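S.K.:
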Amino acid sequence: MTLSAPAQVTSTEPNQHGYRAFSLGEFRFSRDEYFVYVEWPTGKHVMSADAFLKALQRDVAWQFFYGIVNFDGVVGTVNHYGTVDLFAGRYNDVYRKAELDHMENFATPVIKATFEGMLDDWTNEGFDPFASPTETGSAFGVKNGNNRAAITRHRVTAARMVGVPGDEELRNDENGHPVNRHFRDVPQDEPEKRAEPGFENDLAAFNLFAYLSRSQVTWNPSVVSVCGDSLYCPTTEEYILPIIHGNDRVEWFIQLSDEIIWQVEDRDSGSALAKVTFRPGDVGAMPADIRHQGYAPKRAMLLVWENADPDLPALISSGALPSVPVEF
Ligand code: PHB
Ligand code: FE
């Protein structure tokens with residue numbers, strides 16, 4: 001095995017606001033006190049620094065996720081699982097028709113290193129991009145320290161199921177994981193387990209609601225069970241999903257508590273398709289040819305059910321599999 005050298009990150013000296021600018025191929029990223037600017041040969045885009053950092057944080061932590069991560073209607077990434085496209089205007093009908101869109105492909109370690117460098121340099125002390133707006137400080141202003149502890153959090157992945165021997169350390173517990181202010185009514189008792197003698201290590205059960213009630217982060221699914229390619233990824237949501245996710249496979253949502261309003265658009269053009277409100281107990285599939293963004297008026301529990309089969313994107317894009325799980 002050969003180990004490649006760490007990817008080179010191209011950045012400038014800090015500007016008058018204290019922030020470095022970063023280059024990736026023909027893309028250039030810079031920030032000032034309020035905004036992030038993205039430039040490419042045929043265009044220039046501006047985003048709020050706080051929205052940009054929340055999207056960047058998830059793209060980095062999720063290793064570019066499944067399919068497309070749109071930071072907004074213009075800029076984002078496409079995961080090819082080994083390489084990543086960085087695009088501007090590629091999934092926006094108006095930019096496409098005006099031929100102002102731009103896309104470049106990078107080896108995953110190269111774009112990851114640049115994104116990590118940008119996230120590190122542009123996240124100020126006290127701002128946690130994973131936290132809800134009322135539970136964190138401000139992203140704005142001149143450069144002020146860093147928040148490395150928050151931005152280097154990784155999605156916790158269970159090898160089997162949370163609670164099974166070997167995965168116990170993944171459990172949230174009272175030490176440092178207080179119940180969130182919106183979940184004080186969630187019972188914290190654990191289920192009673194009665195195993196036949198000899199099966200004590202094989203039977204596991206835990207209170208998923210109690211587990212989720214202590215989550216410190218929002219819009220960050222964690223894998224709590226793995227069964228073949230079937231991943232259960234529950235998460236707690238509040239305010240707006242910081243990315244617009246373009247699917248490359250079907251994913252299922254099970255609304256466990258409270259309410260989330262999903263805005264659904266055509267994946268490629270961005271044109272509006274539907275607004276769907278999920279209430280507790282609602283189950284729905286998001287097709288493989290859409291993009292979606294969720295709005296949660298108060299902290300809500302959501303189970304995202306993913307199929308990790310690596311063959312799915314090709315099977316769906318070739319037409320061998322439909323984009324929907326059921327044809328009515
Ligand atoms: C999604 O894009 O399906 C998604 C992402 C993050 C969440 C929930 C859903 O927290
Ligand atoms: Fe999604």
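Taking this note's numbering, the leading residue of the sequence shown gets 1, the next gets one more, and so forth.
Here a beta-carbon is modelled for each residue, glycine too, at the ideal position from N, C-alpha and C.
All figures in this text were calculated on a predicted structure; none of them were measured in a lab.
Relative to the ligand PHB, is the shortest distance from any of its heavy atoms to the C-beta of H245 smaller than 7 Å?
M.R.: The sequence position of residue 245 within the sequence shown is 245, counting from 1. At least one heavy atom of the ligand PHB is nearer than 7 Å to the Cβ of H245, so yes.
S.K.: Grab me the residues of N105's own chain with a C-beta within less than 6 Å of its C-beta, minus the 5 sequence neighbours each way, in chain order.
M.R.: Walking along the sequence shown from the start, residue 105 turns up at place 105. Around N105: T83 and D85.
S.K.: Identify the residues that DSSP records as bridge partners of K44: which are they?
M.R.: Along the sequence shown, read from residue 1 onward, the residue named residue 44 stands at position 44. In the DSSP output, where bridge partners are listed per residue, K44 has E39.
S.K.: Check this for me: beta carbons of F140 and Q57, under 8 Å apart or not?
M.R.: Position 140 of the sequence shown, counting from 1, holds the residue named residue 140. Position 57 of the sequence shown, counting from 1, holds the residue named residue 57. No; because the gap between Cβ atoms is not below 8 Å, this pair is not in contact.
S.K.: Applying the criterion that 16 or more other CB atoms from any shown protein chain within 10 Å of the CB defines a buried residue, is S271 buried or exposed?
M.R.: Counting from one through the sequence shown, the residue named residue 271 turns up at place 271. Its Cβ having fewer than 16 others within 10 Å, S271 is exposed.
S.K.: How is the alpha helix (DSSP H) around W122 delimited, first residue to last?
M.R.: Position 122 of the sequence shown holds residue 122. W122 -> alpha helix (DSSP H) spans T108 to W122.
S.K.: May I ask whether a heavy atom of the ligand PHB can be found less than 7 Å away from the beta carbon of N220?
M.R.: Looking up residue 220 in the sequence shown gives position 220. Within the cutoff, so yes.
S.K.: Measuring alpha carbon to alpha carbon, tell me which of V36, Y211, A159 and R249 ends up nearest F183.
M.R.: To locate residue 183, count along the sequence shown from 1; it is residue 183. When only C-alpha atoms are compared, the closest one is Y211.
S.K.: What's the C-alpha gap between P310 and N15?
M.R.: What you label residue 310 is simply residue 310 of the sequence shown in a count that begins at 1. What you label residue 15 is simply residue 15 of the sequence shown in a count that begins at 1. Approximately 42 Å, taken between the alpha carbons.
S.K.: Between the alpha carbons of V60 and P197, how many angstroms are there, rounded?
M.R.: Here residue 60 refers to the residue found at position 60 of the sequence shown. Here residue 197 refers to the residue found at position 197 of the sequence shown. The alpha-carbon atoms of V60 and P197 are separated by roughly 45 Å.
S.K.: Which first and last residues belong to the beta strand (DSSP E) in which I243 is found?
M.R.: If you number the sequence shown from 1, residue 243 lands on position 243. Careful: I243 lies outside any beta strand (DSSP E) and carries neither H nor E.
S.K.: Whose CA, out of G163, F199, T10 and L303, lies closest to the CA of E116?
M.R.: Within the sequence shown, numbered from 1, the residue matching residue 116 stands at position 116. If we check each option's Cα against that of E116, T10 comes out closest.
S.K.: Have a look at S318, V46, G89 and I111 and flag the residue whose alpha-carbon is nearest the alpha-carbon of S23.
M.R.: Translated into positions along the sequence shown, residue 23 becomes position 23. Closest option to S23, Cα to Cα, is I111.
S.K.: Put R153 into one of helix, strand or coil per three-state DSSP.
M.R.: In the sequence shown, residue 153 corresponds to position 153, counting from 1. Residue state, collapsed to three classes: coil.
S.K.: DSSP on Q16, reduced to helix/strand/coil?
M.R.: Residue mapping note: residue 16 aligns to position 16 of the sequence shown, counting from 1. Residue state, collapsed to three classes: coil.
S.K.: Could you give the residue range of the alpha helix (DSSP H) that holds V94?
M.R.: What you label residue 94 is simply residue 94 of the sequence shown in a count that begins at 1. D93 to K97 is the span of the alpha helix (DSSP H), which, as asked, contains V94.
S.K.: Go ahead and pull the three-state DSSP assignment for F87.
M.R.: As a first step, residue 87 must be located in the sequence shown, where it is residue number 87. F87: strand per DSSP, three-state reduction.
S.K.: How about E251: is its Cβ closer than 7 Å to a heavy atom in the ligand FE?
M.R.: Taking the sequence shown and counting its residues from 1, the one referred to as residue 251 is at position 251. For the ligand FE, at least one heavy atom lies less than 7 Å from the Cβ of E251.
S.K.: Can you find the residues in the same chain that come closer than 7 Å, C-beta to C-beta, to L100, ignoring five residues on each side of it along the sequence?
M.R.: The count along the sequence shown starts at 1 and reaches residue 100 at position 100. Here the set comprises T42, G43 and G89.
S.K.: In this structure, what does DSSP give as the bridge partners for Y34?
M.R.: What you label residue 34 is simply residue 34 of the sequence shown in a count that begins at 1. In DSSP, Y34 forms no bridge with anything.
S.K.: Which residue wins for smallest C-alpha separation from R214, given the options A21, Y239 and V179?
M.R.: Working through the sequence shown from its first residue, we reach residue 214 at position 214. Answer by Cα proximity: V179.
S.K.: Name the one or two DSSP bridge partners that P187 has.
M.R.: Your numbering for residue 187 matches position 187 in the sequence shown. Note: P187 sits in no beta bridge, so no partner.
S.K.: DSSP three-state call for K298: helix, strand or coil?
M.R.: The residue given as residue 298 occupies position 298 in the sequence shown. DSSP places K298 in strand when its eight states are reduced to three.
S.K.: I need the DSSP call for V304, collapsed to helix, strand or coil.
M.R.: If you number the sequence shown from 1, residue 304 lands on position 304. Three-state result, V304: strand.
S.K.: For C233, count neighbouring C-beta atoms within 10 Å of its own C-beta (all shown protein chains included) and say buried if the count is 16 or more, exposed if not.
M.R.: Within the sequence shown, the letter at position 233 stands for residue 233. C233 should be labelled buried.
S.K.: What residues are listed by DSSP as bridge partners for H80?
M.R.: Residue 80 sits at position 80 when you count from the first residue of the sequence shown. Per DSSP, none; premise fails for H80.
S.K.: Do you know offhand how far P165's Cα is from V224's?
M.R.: Here residue 165 corresponds to residue number 165 of the sequence shown, with the count starting at 1. Here residue 224 corresponds to residue number 224 of the sequence shown, with the count starting at 1. Straight-line Cα distance between these residues: approximately 13 Å.
S.K.: Please report the distance separating the alpha-carbon of T218 from that of G319.
M.R.: On the sequence shown, position 218 is the one that residue 218 refers to. On the sequence shown, position 319 is the one that residue 319 refers to. C-alpha separation (whole angstroms): 35 Å.
S.K.: Starting from D128, trace the alpha helix (DSSP H) both ways and give me its first and last residue.
M.R.: For the purposes of this step, residue 128 is taken as residue 128 along the sequence shown, with counting starting at 1. Looking at the DSSP string, D128 is not in any alpha helix (DSSP H), and its letter there is neither H nor E.
S.K.: Let me confirm a value: K54 is counted as buried when at least 16 other C-beta atoms fall within 10 Å, else exposed. Which label applies?
M.R.: For the purposes of this step, residue 54 is taken as residue 54 along the sequence shown, with counting starting at 1. Buried, because 16 or more other Cβ atoms sit within 10 Å of the Cβ of K54.
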